[in-house]
Every structure is written in C-alpha cells, then in structure tokens.
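Residue 117 in the UniProt record's numbering sits at position 117 of the sequence shown, with consecutive numbering throughout.
Cβ atoms here follow ideal geometry from the backbone N, Cα and C, with glycine treated the same way.
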Amino acid sequence: MRVESNYGVSLDVSVAGRGPGVVLVSGALDDGAELRPLAELLADEFTTVVYSRRGRGTSGDAADSSVDDEIGDLRAVVAAVVDGPASVVGSSSGGLLALRAAAAGAPISRLVVWEPPFDVTDGATPRHRSYSHALAVALDRGDRGAALELAMRAWGSPPEVIAGARRSPFWAPLLDLAPTLRYDAAVMDDGEALADLFRTVDVPVLVATSTGTSVEMADLADGFFDTAATALVALLPQAERISVPQQGHEMDARAVVSAVRPFLRGRTQREIG
1 MRVESNYGVS LDVSVAGRGP GVVLVSGALD DGAELRPLAE LLADEFTTVV
51 YSRRGRGTSG DAADSSVDDE IGDLRAVVAA VVDGPASVVG SSSGGLLALR
101 AAAAGAPISR LVVWEPPFDV TDGATPRHRS YSHALAVALD RGDRGAALEL
151 AMRAWGSPPE VIAGARRSPF WAPLLDLAPT LRYDAAVMDD GEALADLFRT
201 VDVPVLVATS TGTSVEMADL ADGFFDTAAT ALVALLPQAE RISVPQQGHE
251 MDARAVVSAV RPFLRGRTQR EIG
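Below, the structure written as structure tokens:
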C-alpha cells in the first residue's frame, strides 16, 4: 500500500498479520528488506508494518528532507495503518530515528531498538561532523561510490571488506541507496543533544544487542554497540537491556523474535525472568 506523508512524499508500506500494531523502521542502506523476516515471524500475533523510508525502494523523496520529515513519515505510517499508538522496532540508525520520534511525541507505545549506533566514545561529535561534511561533499559532486566508502569506513569496515563490496553484485543496489546516507547521518548528529532528547522518552524501551561481532565492522571500537546500549539505558527513563545470541550487526530474525516478542506483548524483562 501507499501512504502519503508531508510534502507529497508517497511511502511504500507492507502490512501483514492481525493484532496490535508493530511498525519496523530500517537502518542505513536498507529499504526495509532486512526487517521483513522479523515482520513475518511476528505477524502470527501482531499487525506488522514495514515501510521503505524516504528515498528508498519505491518510496518518494523531497529536496532538503530533514529528521523532522522522517519523524513525520513514521507518524503518517502509524496513523494510516494502526488504530492508536504502535509498538516500534528500530534497527541501527532506524532505532535512533524511532527514539527521536518518541521524544517528539509520535504515537509510540513501546520501542525496541536494535544495536543503535549511539556513539559516546571520545571525540564522537567532531568525528561525526567531519564525516557528515565529507559525505555531503561526495554526494553533492555525484560520487556515490565515495559516499559509500566514507560510510563503510565510519562503520568500521576494513579496507579489504570495502574492496570486496565494490566487486560484489550488491554494490550497484547500494549505490542507489547512497543519497539516503545523508538522512542517517542527520539522525545520528550531535550525541550531546541526542542525550538530552533521549532523557525525555517516556515510553518503555528495550535496547537489544548481539553477543557477536560483524566482520564488516571489525575496525569499530571493541564493544561499540554494548557501550552505546549501556549509555542509552542510563539515559532513558524506562529502559531495559537484553543481549541476543547471534553473530553480527544485521538482525537475525529467528534469534531476535523470541527475545522481543514478550516485550511487545507488554511484559518486562523482570517479569520474563
């Protein structure tokens, strides 16, 4: 189905199942495909909603789109599909977008964030600003390949992984998504300001991370996502923490579903035991 958001942007939305609404928000360089397996597994109990964020897949886009526009997109999707507030599952930078939406008062009842890249390491803010500037320069000159390489280096991809990606059949589809890297960079901007925002998120949040590491992110600081998760839990008024036994950053739906389903039903980790 199509959902109309602000500035005439039309979003591609997939709906499955029946029950309480769960909206899934993808991370960088994903048009929603990585989250569809989890949506399918949850559809036996929930109405699951996966949408392609603006500029991805067949969803539209608009010049100078902002984080507020993406929050508006999430609001529009919830309003079009779900009767009342929805639970939201956000993956990686999509988790940070969902947290920002919750802080802005979007109709979110509870929230799962998977491996959010909330960088609290030394020098994070100037490092991210430098990345965002270099990314904008590359995209403004039309060099999508350079933009992808910048993003991969920022995510801890070693040179050999980047070289392999360039030779792979997946490179061309990634080039199509490269312009949307601006939006994820904006979502992650200024960790200090984000910290103040996240302190105002007054809904239950489950912060989930993998017990393993990704070869594609081998150059990230050790325990990067665990450190990020710990920092988030300390900031969020109603946060819980869980580690899922799986290998890597990309979500393994079968490993994750049993961990998040009880939370989406309304139970706390303490109740689950």
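C-alpha distance - residue i paired with residue j, whole-angstrom precision
i	j	result
ASP61	ARG54	5 Å
GLN238	ASP176	38 Å
VAL113	ASP31	17 Å
LEU74	ALA106	8 Å
VAL22	VAL50	9 Å
TRP155	SER26	16 Å
PRO159	THR230	29 Å
TYR131	VAL15	35 Å
Rounded distance between the beta-carbons of residue j and residue i, thought under 8 Å
i	j	result
LEU35	SER91	6 Å
ILE108	VAL77	No, ILE108 and VAL77 are not in contact; Cβ-Cβ is about 11 Å, not under 8 Å.
ARG100	LEU41	At roughly 27 Å, the Cβ-Cβ gap does not stay under 8 Å, so ARG100 and LEU41 are not in contact.
LEU181	ALA28	6 Å
ALA138	ALA146	4 Å
ASP184	SER258	Incorrect: roughly 28 Å between the Cβ atoms, too far for contact.
PRO85	LEU232	About 21 Å; that fails the 8 Å criterion.
PRO262	ARG110	In fact, because the Cβ distance is near 11 Å, the residues do not count as touching under 8 Å.
VAL207	ARG241	5 Å
LEU11	SER52	7 Å
Own chain, CB closer than 8 Å to residue i, minus 5 neighbours either side, in chain order
i	result
GLY72	SER5, ASN6
VAL161	MET152, VAL215, GLU216, ALA218
GLN246	SER210, THR211, GLY212, ASP252, ALA255, VAL256
GLY191	PHE118, ASP119, VAL120, ALA124, THR125, HIS128
ARG56	SER26, ASP30, ASP31, GLY32, LEU177, THR180
Identified DSSP bridge partners for residue i
i	result
ARG56	ARG56 is not bridged to any residue.
TYR131	Its beta-bridge partners do not exist; DSSP assigns none.
TRP114	SER91, ALA208
ALA86	ILE108
LEU24	VAL50, VAL89
GLU4	SER10
Residue interval of the beta strand (DSSP E) (run including residue i)
i	result
SER243	239 to 244
LEU41	Taken as a continuous stretch (DSSP letters only), LEU41 belongs to no beta strand (DSSP E), being part of the alpha helix (DSSP H) at 36 to 42.
ASP190	Here ASP190 belongs to no beta strand (DSSP E), and DSSP marks it neither H nor E.
VAL15	10 to 16
Residue interval of the alpha helix (DSSP H) (run including residue i)
i	result
GLU160	159 to 167
ARG182	181 to 187
ALA79	67 to 81
ARG254	253 to 264
VAL50	Looking at the DSSP string, VAL50 is not in any alpha helix (DSSP H); the run it does join, the beta strand (DSSP E), is 47 to 51.
ARG141	Taken as a continuous stretch (DSSP letters only), ARG141 belongs to no alpha helix (DSSP H), as it is neither H nor E.
THR227	224 to 235
LEU175	171 to 177
Beta-carbon proximity list for residue i, same chain, < 6 Å, skipping 5 on both sides
i	result
VAL9	ARG54, GLY60, ALA62
VAL17	According to the sequence displayed, residue 17 carries Gly and not Val. Only ALA43, PHE46, THR47, THR48 meet the Cβ criterion.
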